[in-house]
Structure formats: C-alpha cells, structure tokens
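Here is the structure we will look at.
Numbering (our numbering), first residue to last: 39 to 291.
If you want it as structure tokens, here you go:
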C-alpha cells in the first residue's frame with residue numbers, strides 16, 4: 039500500500055536475513071502487482087550483518103590515497119550485500135570535514151574535496167557494480183553536514199554558498215557525473231537559514247538543476263520529524279508536504 043523501502047536489522051545472521059528478505063519481498067510483491075520493495079542497509083565499513091567482512095573506516099580509506107584498493111574492498115561489500123538480497127546501500131559518506139570537533143569525522147575521507155571526490159567515486163563505482171548486477175549506492179549527507187557550527191552534529195553549516203559549491207558539493211558532483219550515483223540522502227543540518235530537508239534551493243535548484251542529479255533522494259532517518267522539532271511545521275502532514283516540495287522522494291525508515 040505504498041511501501042517502497044524496508045530498513046533491515048543490522049547484525050542479523052546472513053542466512054536468517056536472506057530468508058527474511060526473500061519472504062518479505064514476495065509477500066509485498068504479491069500485494070502490489072508484482073512490484074518488489076527496496077531493502078536497504080548501512081555498508082560504511084562492510085555490510086551490517088553478523089558474518090560480513092569489515093574494512094577500514096572511511097578516514098582510513100582516505101588515508102590510503104588509493105582508489106584501486108578502495109574499489110577492490112568495496113567489490114566484496116557489493117557481493118556480500120547482493121548475496122542476501124540488499125539492493126540499496128546507505129553509503130558512502132561524501133561529507134568534507136574540516137573541523138575535528140565534529141564527532142563523525144571518522145566516517146569521512148577527510149578535509150580535502152579532491153581526495154573525497156576521488157575515493158568517494160571509487161567507492162560508488164564498486165558498490166553499484168556492473169550492468170546486470172547493480173545495486174544502489176547512497177551518497178550522504180547533502181549538504182555541508184561536516185562543517186557545522188562549533189562542530190556540533192546537526193547544527194548550521196557555516197560555509198558560504200560559494201564554498202558550499204566549490205568544496206562541499208564537489209564529492210557529490212564527482213560521484214554523480216563520474217559514477218552515475220543512484221541515490222542521495224539529505225543532511226539534518228541547516229544552510230543559510232533553511233533546514234535542508236525543507237529547502238528547495240538545496241534539494242532541487244542545486245542538486246537537481248545545477249548538479250544534474252536524476253536519481254532518488256531519500257531522507258536521513260526521520261528527517262521530516264525534525265521540521266516539527268524546529269517548529270517549521272504544525273504537523274507531520276505539513277512537514278511532509280514541505281519535504282516533498284523541496285525535493286525529497288522517500289522518507290526513511
């Protein structure tokens with residue numbers, strides 16, 4: 039009845055998870071004219087299942103300065119995710135971080151936009167795979183999430199719009215134009231006085247029109263509720279409409 043995405047339990051064993059996905063997919067397809075849902079998991083350092091291989095965190099991959107090594111590692115992640123039935127990965131993090139106070143710096147490739155673009159593009163290419171064996175990578179968090187006021191998570195991005203375009207959008211632009219990135223996730227943060235989840239300027243004018251992204255925009259979990267937390271909407275209906283008009287396609291979970 040409109041269900042498009044299924045968020046999966048991290049840490050479940052591979053046989054159990056594969057069985058759950060297959061049963062759930064068939065059950066939903068039977069009720070929706072044969073259309074199967076999308077199953078997503080985190081794959082930042084590997085697939086979030088109990089027996090999956092674990093690879094270095096993003097800051098470690100960035101420190102390698104070696105996109106070929108990254109691609110070889112991520113091809114394993116792709117194969118393990120596809121083997122259990124996952125078809126969307128909520129990775130990679132394409133945030134540029136220049137403030138070591140931000141607690142999520144380890145999820146990024148560091149402070150240099152060119153390095154982030156190079157490693158991020160390699161990650162996306164390997165994670166999405168080849169024709170006939172595709173899955174969907176999700177670049178996050180659009181935009182400027184790693185340069186927040188005081189290094190506080192989910193706070194206002196302190197960059198100017200010129201710096202946002204030239205630094206913080208660069209890894210996303212590279213992944214879109216060089217690796218055909220299929221999905222992007224919004225930032226919880228605020229840019230120029232607007233929450234990104236409700237900003238048509240960021241999610242449509244910049245992402246769709248300037249960066250020419252034609253894939254799927256998914257929310258960071260419960261982003262629409264943040265519009266209520268910030269008192270920018272009176273109820274979830276109004277908040278949902280704001281996000282939809284801004285450019286959101288799917289609210290997760």
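All C-beta atoms, glycine included, are put in the ideal place defined by N, C-alpha and C.
Since the structure is predicted, the reported quantities are computational estimates derived from the model, not experimental observations.
Check, Outcome
"Cβ pair count under 8 Å reaching 3, the region 153–170 against the region 206–216", "yes"
"Range covered by the alpha helix (DSSP H) that runs through residue 210", "208–217"
"In DSSP terms, what residue 195 is bridged to", "186"
"Cβ-based burial, residue 234 [other Cβ within 10 Å; buried from 16]", "buried"
"Status (buried if at least 16 other CB within 10 Å, exposed otherwise) for residue 159", "buried"
"N-terminal and C-terminal residue of the alpha helix (DSSP H) that residue 277 is part of", "274–284"
"Cβ pair count under 8 Å reaching 3, the region 137–146 against the region 119–126", "no"
"7 Å Cβ cutoff met for residue 245 and residue 176", "no"
"Whole-Å CB distance - residue 266 paired with residue 277, under 8 Å assumed", "6 Å"
"Beta-carbon gap between residue 296 and residue 92 smaller than 7 Å", "Limits of the chain in this structure are 39 at one end and 291 at the other, which puts residue 296 out of reach."
"Where residue 48 sits in the DSSP three-state scheme", "coil"
"Cβ-based burial, residue 71 [other Cβ within 10 Å; buried from 16]", "exposed"
"Contact belief for residue 22 with residue 258 at Cβ below 8 Å, rounded distance in angstroms", "Look at the range of the chain in this structure, 39 to 291, and you will see that residue 22 is not part of it."
"Outcome for residue 131 when other beta-carbon atoms lying within 10 angstroms are tallied against a minimum of 16", "buried"
"C-alpha distance - residue 180 paired with residue 57, whole-angstrom precision", "33 Å"
"First through last residue of the beta strand (DSSP E) which encompasses residue 112", "Looking at the DSSP string, residue 112 is not in any beta strand (DSSP E); the run it does join, the alpha helix (DSSP H), is 105–122."
"Top-ranked residue by Cα proximity to residue 217, from 95, 115, 169, 262", "169"
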